[in-house]
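Notes for the one structure printed next.
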Amino acid sequence: MFTPRTDRRIKQVVLWGLGSLLTAALVTYFGMHNRVTDVGYRPQQPVPFSHKLHVGELGIKCVYCHAGVERSAHSPVPTVSTCMGCHLVVKAESPRLALVRQAYENGTPLEWRRVHKLPDYVHFNHARHIRAGIDCASCHGPVERMGVVSQVAPLSMGWCLDCHRNPERYIIPAREISGIFTGLRANGQTVQLAQSTPVTNPPYGMWSTPVDTPEIAGVPMPKLPGRGPENCSSCHY
Amino acid sequence: MRRLRWWHIPLGIAAVAFAVFWVLVLSGQKTWFSEQPPLMIIPDMDDQFRVDPQEASRFFADRRSFRTPPEHTVPRNASAYPFGQADVAEAEKRFPTAPIPATPFVLALGKNRYEAFCQPCHGPEGKGDGTIVQRGFVQPPDLTRPEARAYSDGRIFHVISAGQNIMPSYAGKLTEPERWAIVHYIRKLQQSAMTAAAVPAGAGALSQVNKRGEGQ
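Protein chains in written order, with our numbering: chain Z, 1 to 237; chain V, 1 to 216.
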């Protein structure tokens, strides 16, 4: 139909076109995955705070600073008064802590740069996972060895669902260094508080339910949690 | 066979690099760290116009999203500790004894909370030899010495809730039941220190209890 020359041209154009389309599709599908775009995000923080020093060397447990992670959806990043509890005395003159002292004296918050961020249409709850005995390291990696926190897990929907389907592949049971209380040694005991708290009586939902602890040779075994949910409305509501 | 040309060499290198890149990416290996915020081609509704916890406010001039509650109000489910550091006597009158019993559950909770919140300064056995003290913090008094053993439950509760001199208050971090659980656990530490002192070192199984504190 065409001259051989035009024929070759058309074949070339079609082949190159298909090839580049395929490449573009591959690049967007795999290259735009959270695993590539989000993992490894490691912003420099305004204060050179090091988890490696505070947790790894000094042995301060995660809940000392991130207190409340067992009770709330979000894990609180500590206020400057938490830092100053120690740093009024330790390294009180250090220039690296100048910003912390300044914030403490002015009563202003210190603006840390956020590392982990889910889209606003996803609802993630720390308390639920922590109470199931899932260690921070399952999702945040070995923070106690990080000088600067970086994102280790993709935080994609596939990642959440993968763990909900195969928890045994992802879950690291609560470790000592996290300091999270899982009620493992409950042995059916409960804390009754409604009648007994004198100042106020906060509804004390947490830990008020007994936990079965199968014991092996006197050592309580971690209660392996059930699976997480897969229905859309548990995460998107 | 076509002739090898000079530009075949950089092309070959680029092809190999490309292949290695994809092998790494597809195998899920993290290959680099980045200080740049994650790339977002289509922002969807990722960042909605609302304030999330711990996010800076776009509305208030001082950018604080966590507003100070009005005076004389307490958030729901929270309790304000009513006494200042100096009101030891009033606190002791208000809380003569611990309102929760020392069940095994409470002791386990107390141990866990003590190890997370007190151990950095007071040490694993309350001797005042925590890691922070070794790095230059003021050494706290031994919690197992006779005077401390004579403290009422209410007094220890008061120190945890209001702080004492340089020791910060833990009322904001520990719920009331958790603080009482710690009081019970400190009693247990005091008891085991007393038993350990009564038995000469190296005598029988009880010396095991004191093993970690032996250095002092």
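We treat Cβ as the ideally placed atom computed from N, Cα and C, and that holds for glycine.
Going by the CB atoms, is the gap between residue j and residue i shorter than 8 Å?
i                      : j                      : result
residue 61 of chain Z  : residue 116 of chain V : yes
residue 50 of chain V  : residue 57 of chain V  : no
residue 157 of chain Z : residue 41 of chain V  : no
residue 81 of chain Z  : residue 64 of chain Z  : no
residue 83 of chain Z  : residue 137 of chain V : no
residue 152 of chain Z : residue 51 of chain Z  : no
residue 33 of chain V  : residue 59 of chain Z  : no
residue 55 of chain Z  : residue 99 of chain Z  : no
residue 97 of chain V  : residue 142 of chain V : no
residue 217 of chain V : residue 121 of chain V : Since the first and last residues shown for chain V are 1 and 216, residue 217 of chain V lies out of range.
residue 178 of chain Z : residue 136 of chain Z : yes
residue 45 of chain Z  : residue 113 of chain Z : yes
residue 130 of chain Z : residue 172 of chain Z : no
residue 113 of chain V : residue 182 of chain V : yes
List the residues of chain Z whose Cβ lies closer than 9 Å to the Cβ of residue i, in chain order.
i                      : result
residue 45 of chain V  : 119, 120 and 121
residue 168 of chain V : 81, 82, 84, 85, 86 and 88
Have a look at residue i and residue j and give me their C-alpha separation to the nearest angstrom.
i                      : j                      : result
residue 164 of chain V : residue 140 of chain Z : 35 Å
residue 210 of chain Z : residue 180 of chain V : Summary for residue 210 of chain Z: the model assigns pLDDT 36, below 50, so the residue's position carries little reliability; its value from the coordinates is reported in the next sentence. Residue 210 of chain Z and residue 180 of chain V: Cα-Cα distance of roughly 19 Å.
residue 54 of chain V  : residue 111 of chain Z : 9 Å
residue 101 of chain V : residue 67 of chain V  : 37 Å
residue 187 of chain V : residue 128 of chain V : 16 Å
residue 38 of chain V  : residue 47 of chain V  : 13 Å
residue 69 of chain V  : residue 20 of chain Z  : 59 Å
residue 185 of chain Z : residue 73 of chain Z  : Low per-residue confidence applies at residue 185 of chain Z: pLDDT is 39, beneath 50, and the placement is therefore not dependable, though the value from the model is reported in the following sentence. Roughly 24 Å between the two C-alpha positions.
residue 213 of chain Z : residue 75 of chain Z  : Its pLDDT being 39, under 50, residue 213 of chain Z is placed unreliably in this model, and the value from its coordinates should be taken loosely. Whole-angstrom Cα-Cα distance: 27 Å.
residue 162 of chain V : residue 123 of chain Z : 35 Å
residue 170 of chain V : residue 93 of chain Z  : 25 Å
residue 11 of chain V  : residue 167 of chain Z : 44 Å
residue 229 of chain Z : residue 69 of chain Z  : 21 Å
residue 200 of chain Z : residue 162 of chain Z : Any reading at residue 200 of chain Z needs caution, since the residue's pLDDT is 32, under 50, leaving its predicted position unreliable; the model's value is listed next. For residue 200 of chain Z and residue 162 of chain Z, the distance between alpha carbons rounds to 42 Å.
residue 148 of chain V : residue 158 of chain V : 13 Å
residue 53 of chain Z  : residue 231 of chain Z : 41 Å
residue 191 of chain Z : residue 178 of chain V : The pLDDT assigned to residue 191 of chain Z is 39, lower than 50, so where the model puts this residue is not dependable; a value taken from the coordinates is nonetheless given after this. Rounded to whole angstroms, residue 191 of chain Z to residue 178 of chain V spans 10 Å at the Cα level.
residue 81 of chain V  : residue 42 of chain Z  : 39 Å
residue 74 of chain V  : residue 93 of chain V  : 23 Å
residue 36 of chain V  : residue 34 of chain Z  : 14 Å
residue 125 of chain Z : residue 10 of chain Z  : 56 Å
residue 198 of chain Z : residue 85 of chain V  : Its pLDDT being 32, under 50, residue 198 of chain Z is placed unreliably in this model, and the value from its coordinates should be taken loosely. Each residue's Cα considered, the two are about 19 Å apart.
residue 126 of chain V : residue 176 of chain V : 21 Å
residue 118 of chain Z : residue 44 of chain V  : 12 Å
residue 106 of chain Z : residue 89 of chain Z  : 19 Å
residue 2 of chain Z   : residue 23 of chain Z  : 29 Å
residue 14 of chain V  : residue 38 of chain Z  : 25 Å
residue 174 of chain V : residue 22 of chain V  : 48 Å
residue 221 of chain Z : residue 18 of chain Z  : In this predicted model, residue 221 of chain Z has a pLDDT of only 40, less than 50, meaning its place in the structure is not dependable enough to derive any value.
residue 8 of chain Z   : residue 14 of chain Z  : 10 Å
residue 105 of chain V : residue 142 of chain Z : 29 Å
residue 134 of chain V : residue 133 of chain Z : 32 Å
residue 96 of chain Z  : residue 52 of chain V  : 29 Å
residue 146 of chain Z : residue 57 of chain Z  : 12 Å
residue 127 of chain Z : residue 19 of chain V  : 42 Å
residue 139 of chain V : residue 116 of chain Z : 37 Å
residue 9 of chain V   : residue 16 of chain Z  : 21 Å
residue 103 of chain V : residue 185 of chain V : 11 Å
residue 205 of chain V : residue 193 of chain V : Confidence at residue 205 of chain V is low in this model, with a pLDDT of 44, below 50, so the placement of that residue should be treated as unreliable; the coordinate-derived value is given next. If I take the Cα positions, the gap works out to 14 Å.
residue 16 of chain V  : residue 7 of chain V   : 15 Å
Note down, in chain order, every chain V residue with its Cβ under 7 Å from the Cβ of residue i.
i                      : result
residue 32 of chain Z  : 41
residue 109 of chain Z : 64
residue 150 of chain Z : 33
residue 77 of chain Z  : 54
residue 67 of chain Z  : 173
residue 164 of chain Z : Those within 7 Å of residue 164 of chain Z in chain V number zero; the least Cβ separation is about 18 Å.
residue 74 of chain Z  : 53 and 54
So which residues of chain B does residue i contact, with C-beta pairs closer than 9 Å?
i                      : result
residue 160 of chain Z : This model lacks chain B altogether; the protein chains it does include are Z and V.
At 7 Å on the CB atoms, spell out the chain Z contacts of residue i, in chain order.
i                     : result
residue 6 of chain V  : Within chain Z, no residue comes near residue 6 of chain V; the closest Cβ sits about 22 Å away, beyond 7 Å.
residue 38 of chain V : 37, 38 and 41
residue 11 of chain V : Those within 7 Å of residue 11 of chain V in chain Z number zero; the least Cβ separation is about 15 Å.
Which bits of chain V does residue i rub up against, with CB to CB less than 9 Å?
i                      : result
residue 61 of chain Z  : 115, 116, 117, 119 and 120
residue 124 of chain Z : Within 9 Å Cβ-Cβ: nothing; residue 124 of chain Z doesn't reach chain V, min ~11 Å.
residue 238 of chain Z : Because chain Z spans 1 through 237 in this model, residue 238 of chain Z falls outside it and cannot be assessed.
Since residue i meets chain Z, which of its residues come closer than 8 Å, beta carbon to beta carbon?
i                     : result
residue 48 of chain V : 120 and 121
In chain V, which residues lie less than 8 Å from residue i when you measure between Cβ atoms?
i                      : result
residue 58 of chain Z  : 120, 131, 132 and 135
residue 237 of chain Z : Under the 8 Å cutoff, chain V gives no residues; its nearest Cβ is about 14 Å from residue 237 of chain Z.
Item to check | Residues within the stretch 24-50 of chain Z neighbouring chain V, beta-carbon criterion of under 9 Å | outcome: 26, 28, 30, 31, 32, 33, 34, 35, 36, 37, 38, 39, 40, 41, 42, 43 and 44
Item to check | Minimum length 3: unbroken beta strand (DSSP E) runs contained in the stretch 33-118 of chain Z | outcome: none
Next on the checklist: Along the stretch 132-149 of chain V, where does the CB come closer than 8 Å to a CB of chain Z? Name the residues.
Outcome noted: 132, 135, 136, 137 and 138
Item to check | Contained beta strand (DSSP E) runs [length at least 3] in the stretch 26-56 of chain V, N- to C-terminal order | outcome: none
Next on the checklist: Under 8 Å, CB to CB, which of the residues in the stretch 88-111 of chain V have a partner in chain Z?
Outcome noted: 94, 95, 99, 100, 103, 104, 105, 106, 108 and 109
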